[in-house]
Amino acid sequence: TADYQPASIEPKWQAFWADDKTFAGPNPAPNAKPAPKYYVLDMFPYPSGAGLHIGHPEGYTATDALKRMKKSQGFNVLHPMGWDAFGLPTEQYAIKTGRPPAEVTEENIANFKKQLAQIGLTYDSDREVNTTDPAYYKWTQWIFVQLFKHGLAYVEEKPVWYCPELGTVLANEEVLNTPEGPRSERGSFPVEKRPLRQWVLRITAYADKLIAGLKDLDWPDSTKRLQENWIGRSTGAEVDFQLDGLDEKLRVFTTRPDTLYGATYMVVSPEHPLLSKITIDDRRAEVEAYAEQAKRKSDLERAELAKEKTGVFTGGYAINPVNGAKIPVWVADYVLITYGTGAIMAVPAHDERDFEFAKTFGLEILPVIANENANPDEELTEAYTGDGALINSGDLNGLNVADAKAKITAELAAKKVGKEAVNYKLRDWLFSRQRYWGEPFPIMWLSPADYKRLMALDKDESELNNTLPIDPVTSIINGEARCAITVPTQDLPLTLPQVDSYQPTGTGESPLAKAVEWVNVWLNLKTGETRPRVIQQDGDEQLTERPGTDWAAATRETNTMPQWAGSCWYYLRYMDPKNPDFIIDPKIEEYWQAPDLYVGGAEHAVLHLLYARFWHLFLHDIGVLKTKEPFKKLFHQGIILGEDGEKMSKSRGNVVNPEFIIKDHGADAMRLYLMFLGPLEAMKPWNTDGIQGINRFLRNKVWRELLDDNGQPATKLCDTEDDADTARALHETIKKVTADYERLSFNTAISQMMICANQFAKAKTLNFASAKAFLQLLAPLAPHITEEIWERLGEAPSIANAPWPKHDESKLVKDTVKLMVQINGKLRGELEVAKDTAQPDILTAAKALDKVAPQLEGKTIVKEIYVPGRIVNLVVK
Ligand code: ANZ
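In terms of the UniProt record's numbering, the sequence shown opens at residue 3 and continues consecutively.
Put into structure tokens, the structure is as follows:
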């Protein structure tokens, strides 16, 4: 075909790249001197049934373009793709249709692959990972075994968010605050708190490391701040208040021990274990009703600053340890059981929430920090949270806040009624789900007696003995005490059993619990071998006999891991995807290190990015990894809005479907347009007219300029040297585009290429080499059309194999001069002319300048002065 037809050339080159493995970044051969590496990573997609949305190709085109340039620059580039394929939507689809989730997943992945290929995105197919593939989740399970062994995984019965509709527990982050109360993020179903047995990962043990590591990361500041706030480290003190008339003390956490003299009341959270003791009988009914109500609110809602304060007086009192003052104890839901000690000393004069609470209930407000801006005779209108000298505070009077904190903390410690304390907002990570479509925990439960028998064995006598934590992980299961052990490493992966129904049981138990033959096994404590303990015969369950004395009755854990698990470490597996013996070969990690660039949405700022850092730091600590941090450099692409400037959504009917765009305009036009919309990081609306403009650029300024009507090299292409303007345009473009790609500033690179193409169109002749260099610059963003023209110009594919063009600084020097144009000695304008322009031409041009011509109107020029290379001065009357 002679003219530009994306529909015919695009599939051709997609097939070529796939067959040729053009973009495979191989691991270095042993003993060879490896090429410099570049590892660029995308956040891998969840292969939903809906297929790609326009947000996928935005980030993916950016990394694909960078990858193509880096390859031409001589780097060995790793740019892989995979599938984050466990999770709720697939499972719900499976429940609805009765089809196995694995089958649905496979279909969705095939569709995603097809769609990505249609965009001209190229990945090393040998490195593909799929989190639901047992060969992959074997290592997800292996990491869990290591966490367990190192005491970072435990089981707890705790009140957790439970969604009856979804039949599962949800993490705090998966619950949203809505006007109708707390709801699931997925599907917006009501959720409630239920006490359930859960696996929890001790991420809080890594809180300080997770904060410290941030400082060396090249990440958007806003994302670093989000992580820091999420971890929320606060330093302060714990202080004990004697409860009036009781033996117990009420312990509080405060970041402001300096304000202790201003504590005029106390608040315990509705779940506080001492609440019932503190409450006097007269007030019990009211307090209990209040506590019951609080259960229905989410922490987020309760902690909201702006919310109206509610609470109830318990009737009890506590004694302020510094001055013996007897202060009332209230219960209020703005104090959370999950933070600090679940109780506070309230200082309304200096804390906003306490201030509002005190105002609402008429409680005493006693200032203890002098506020120079306030009139002491007037009633306070808000809490004063700034610094100042202490007042009304005994021996602290006159000190500033910092000194008072230090002094009072030391005094409390000396009297043994308080001590320095650090608190984190970060909670341990709720790591289990009562779902089918997730990684099975590599865990079995034994009776305490059998656990003791196992512990008594020598380490080399039993593989099972090597992964026991120092403190046993215990739980009550079906009313009986049980101890957790891991599945022996050689038995991983522990694969999901076949079940008849993926429907959650509704009891808070996972559908895996129904796979009785899988759940109940005889376990050989020495060899780790398992045999069925319950078998189904003619619909009846029958117990089998214990095979021998080394065998113990064991039950498998039936919860599964959350979707986060697989996405915590996939970037590691890409480096060594097929390794059957280890998660990653240390030599291979040494070469690739960690991704040089990670591109993905800002919505992952805290959860995925924090969880992955936690696992990576842990794997570093146990010697599995050399690097400490997974993602040195992070970039968030901005959201693409609908043409109407609103968020794209099915209900608004403003969704742009990449497949249709490609059909109408071609993948190259879509890629180029996506990158031309605006800065990559910016939120920006889609515009269909804009993509037509890009399509015209490719057709008229690229294809038809470089090829003739027969699709052969255009006659203007030749071996003669380019004129100065054309050469300069090209070299400026090489310089700018190279730098712009490197900093992911694609929109400015495209503008520059458009300027260059315009100059090429103006030029009478164009050197072959210039045309090819231009194609190379355009190739990362518009790979199909450039490969095609490259080939038609007589070059062997792929264009990506040609070394990246370098600019020639000498070609950038302009052969022009800038002249100041004055009228009666006053500067009126500037004139840029070729160095060899004759004086009369210069004077004519100067007089015609926009800023000069009007000044000359109706005047007579009496003298024209020209200082070559510098000034034109027109003397007028
Ligand atoms: C007295 C005080 C006086 C406080 C003052 C603040 C200002 P961050 O910085 O977030 O760590 N607090 C403690 N535990 C709480 C809980 N479980 N639920 C709600 N609030 C709680 O906040 C620590 C401060 O939040 C603590 O310091 C306590 O109020 C409150 F002028 O104690 B402060």
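Note that the Cβ used here is the ideal one computed from N, Cα and C, for glycine as well.
Computed from a predicted structure; not experimentally measured.
Measuring from the CB of residue i, is there a heavy atom of the ligand ANZ at a distance below 7 Å?
i, result
"F255", "yes"
"residue 2", "Only positions 3 to 879 of the chain appear in the structure, and residue 2 is not among them; the question remains open."
"R227", "no"
"R429", "no"
"G692", "no"
"I346", "yes"
"G388", "no"
"L338", "yes"
"V489", "no"
"N425", "yes"
"V349", "yes"
"G238", "yes"
"Y341", "yes"
"S186", "no"
"S271", "yes"
"G234", "yes"
"residue 958", "Here the chain covers residues 3 to 879 and nothing more, so residue 958 does not appear."
"D353", "yes"
"T261", "yes"
"R258", "yes"
So residue i is in the alpha helix (DSSP H); what residue range does that whole segment cover?
i, result
"G57", "57-74"
"K737", "726-744"
"Y95", "90-99"
"D44", "From DSSP, D44 is part of no alpha helix (DSSP H) but of the beta strand (DSSP E) over 39-44."
"A104", "103-120"
"R872", "Careful: R872 lies outside any alpha helix (DSSP H) and carries neither H nor E."
"P13", "8-22"
"T846", "841-850"
"W617", "609-623"
"E303", "301-305"
"Q857", "855-858"
For residue i, report the span of its beta strand (DSSP E) as first-last.
i, result
"E159", "155-165"
"E511", "Per DSSP, E511 belongs to no beta strand (DSSP E) and is neither H nor E."
"M677", "Unbroken run through M677 is the alpha helix (DSSP H), 669-678; no beta strand (DSSP E)."
"P474", "Unbroken run through P474: none, as it is neither H nor E."
"T170", "170-172"
"N78", "78-80"
"V601", "599-601"
"M446", "445-448"
Could you name the residues that DSSP lists as bridge partners for residue i?
i, result
"F243", "L252"
"G420", "V241"
"Y267", "A348"
"G183", "T180"
"K279", "The partner list for K279 (beta bridge, DSSP) is empty, contrary to what the question assumes."
"D542", "Q539"
"residue 880", "A query on residue 880 cannot be resolved here, the shown segment of the chain reaching from 3 to 879 and no further."
"K649", "L643"
"I825", "K828, L876"
"G84", "V131"
"E482", "I479"
"A836", "T818"
"C720", "N769"
"L709", "P715"
"I757", "Paired residues: none, contrary to the question."
What do you reckon, is the C-beta of residue i under 7 Å from a heavy atom of the ligand NAP?
i, result
"Q200", "In terms of ligand content, the structure shown lacks the ligand NAP and carries the ligand ANZ instead."
Going residue by residue through the region 313-339, where are the continuous beta strand (DSSP E) segments of at least 3 residues, counting only ones entirely within it? 314-321, 328-333
List, from N- to C-terminal side, the beta strand (DSSP E) runs of 3 residues or more that fit wholly inside the region 335-408. 345-348
Would you mind listing the alpha helix (DSSP H) stretches within the region 772-801 that are 4+ residues and don't spill past its ends, in chain order? 785-794
Run through the region 188-229 for me and flag every whole beta strand (DSSP E) of 3 or more residues, listed as ranges in chain order. 194-203
Those runs of the alpha helix (DSSP H) which lie wholly inside the region 539-591 and span at least 4 residues: Counting only runs that start and end inside the region 539-591, the alpha helix (DSSP H) elements of at least 4 residues fall at 566-569, 572-575.
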